[in-house]
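Position in the sequence shown (from 1) plus 18 gives the number in this note's numbering.
From the three backbone atoms N, C-alpha and C, an ideal C-beta is built for every residue, glycine too.
Predicted model only: the values in this text are computed from it and were never measured.
This report refers to the structure that appears directly beneath it.
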Amino acid sequence: MGMKGKIALGAVVGIVVIGAVSANAGSDGDGGGSGDNGSSSSADRSTGGDKKKADAEEVAEKKVAFGGDGDFEVGTDIKPGTYRTTGNTDGMCYWERAKDSSGEMDSLLANDNVTGTGYVTVKATDKLFSSSDCGDWEAVDEKAKGSPASKMTGDAGMLRVGVDIAPGTYKSTGNTDDSCYWERAKDAGHSIDSIIANNNVTGTAVVTISASDGYFKTSGCQDWKKSA
Numbered sequence: 019m020g021m022k023g024k025i026a027l028g029a030v031v032g033i034v035v036i037g038a039v040s041a042n043a044g045s046d047g048d049g050g051g052s053g054d055n056g057s058s059s060s061a062d063r064s065t066g067g068d069k070k071k072a073d074a075e076e077v078a079e080k081k082v083a084f085g086g087d088g089d090f091e092v093g094t095d096i097k098p099g100t101y102r103t104t105g106n107t108d109g110m111c112y113w114e115r116a117k118d119s120s121g122e123m124d125s126l127l128a129n130d131n132v133t134g135t136g137y138v139t140v141k142a143t144d145k146l147f148s149s150s151d152c153g154d155w156e157a158v159d160e161k162a163k164g165s166p167a168s169k170m171t172g173d174a175g176m177l178r179v180g181v182d183i184a185p186g187t188y189k190s191t192g193n194t195d196d197s198c199y200w201e202r203a204k205d206a207g208h209s210i211d212s213i214i215a216n217n218n219v220t221g222t223a224v225v226t227i228s229a230s231d232g233y234f235k236t237s238g239c240q241d242w243k244k245s246a
């Protein structure tokens with residue numbers, strides 16, 4: 019849907035500055051002799067192993083809902099729901115939700131540039147979801163439980179609270195150029211209403227992630243460690 023350029027889509031929350039968001043500048047037999055038994059047993063094991071491998075590959079394939087590049091019509095190409103992309107290392111992953119396929123700025127509902135992990139909820143009322151230079155998107159089970167970590171890298175991206183990251187108070191030190199941005203969000207809709215709190219930080223950053231938060235986002239920060 020055109021080139022990617024920076025545009026401020028959000029308002030300021032409290033006294034903090036909402037991180038820059040990007041938008042378009044213009045997107046699963048009977049037993050016989052021992053030899054026969056051995057041969058049959060070996061064949062069974064082989065078949066079983068191949069089947070397990072095939073099943074594992076099928077499960078892995080099913081995890082990928084759609085690729086990281088392209089325009090996808092909601093309800094036709096992809097279903098509404100929450101999706102995740104991981105392993106984005108160069109900051110070039112860009113996505114957007116749109117209410118139509120005109121490519122105009124007025125059609126834009128939400129967007130983001132992703133480093134690390136990204137989550138987004140595509141709504142049934144959305145018409146188009148576009149993704150560029152991202153890792154494959156996986157459908158997210160909203161009821162899934164994980165083993166939440168107590169630390170995260172400063173460019174981890176967007177993490178699900180209680181699944182990817184544990185609630186608690188976290189500290190990031192040594193941020194020198196005001197590029198450290200964090201955000202607590204109640205959902206993956208990426209609207210202004212989704213944001214609970216956020217900040218751009220120089221120096222030491224301290225933030226308490228609540229168990230009731232949906233997601234925590236971090237970019238351009240030093241690593242975070244749980245202090246309480």
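- Its chain contains Gly86, Asp87, Thr103, Asn106, Cys111, Tyr112, Trp113, Val132, Gly136 as the residues whose beta carbon lies nearer than 8 angstroms to that of Cys152, once the 5 sequence neighbours on both sides are disregarded; these appear in chain order.
- Per the DSSP secondary-structure output, Ser149 pairs in a beta bridge with Gly88, Trp113.
- Within 10 angstroms of the beta-carbon of Ile210 lie fewer than 16 other beta-carbons, which makes it exposed.
- Sequence-distant partners of Ser168 (beyond 5 residues in either direction) whose C-beta falls short of 6 angstroms from its own C-beta, in its chain, are Ala184, Lys244.
- Collapsing the DSSP output to three states places Ser125 in a helix.
- Nearest neighbour of Gly186 by Cα position, chosen from Asn193, Ala162, Met170, Phe84, turns out to be Met170.
- Here Lys204 is not bridged, per DSSP, to any residue.
- Counting only unbroken stretches of 3 or more residues, the beta strand (DSSP E) elements lying wholly within the stretch 205-241 are 213-227, 233-237, in sequence order.
- Where Gly175 is concerned, the enclosing beta strand (DSSP E) starts and stops at 175-178.
- Per DSSP, the unbroken beta strand (DSSP E) holding Glu156 starts and ends at 155-157.
- According to the DSSP secondary-structure assignment, Ser190 is paired through a beta bridge with Ala223.
- Taking C-alpha positions only, Gly99 is separated from Ser119 by approximately 19 angstroms.
- Closest in C-alpha terms to Met176, from the list Tyr199, Asp159, Lys161, Asp124, comes Tyr199.
- Under the DSSP definition of a beta bridge, Val138 partners with Tyr101.
- The residues Arg202, in chain order, have a CB closer than 6 angstroms to that of Ala215 in the same chain once the five nearest residues on each side in sequence are set aside.
- With a threshold of 16 other beta carbon atoms within 10 Å, Gly172 meets it and is buried.
- Shortest Cα-Cα distance from Ile227 to any of Ser148, His208, Trp242 involves Trp242.
- The criterion of a C-beta distance shorter than 7 angstroms is not satisfied by Asn217 and Asp196.
- With a contact defined as Cβ atoms closer than 8 angstroms, Asp231 and Val179 qualify at about 5 angstroms.
- Only buried fits Ser190, as 16 or more other CB atoms lie within 10 angstroms of its CB.
- In this structure, Ala83 and Glu156 form a Cβ contact; the two beta carbons are roughly 6 angstroms apart against a cut-off of 8 angstroms.
- Rounded to the nearest whole angstrom, the CA to CA distance from Thr236 to Ala223 is 11 angstroms.
- Only exposed fits Thr194, as fewer than 16 other CB atoms lie within 10 angstroms of its CB.
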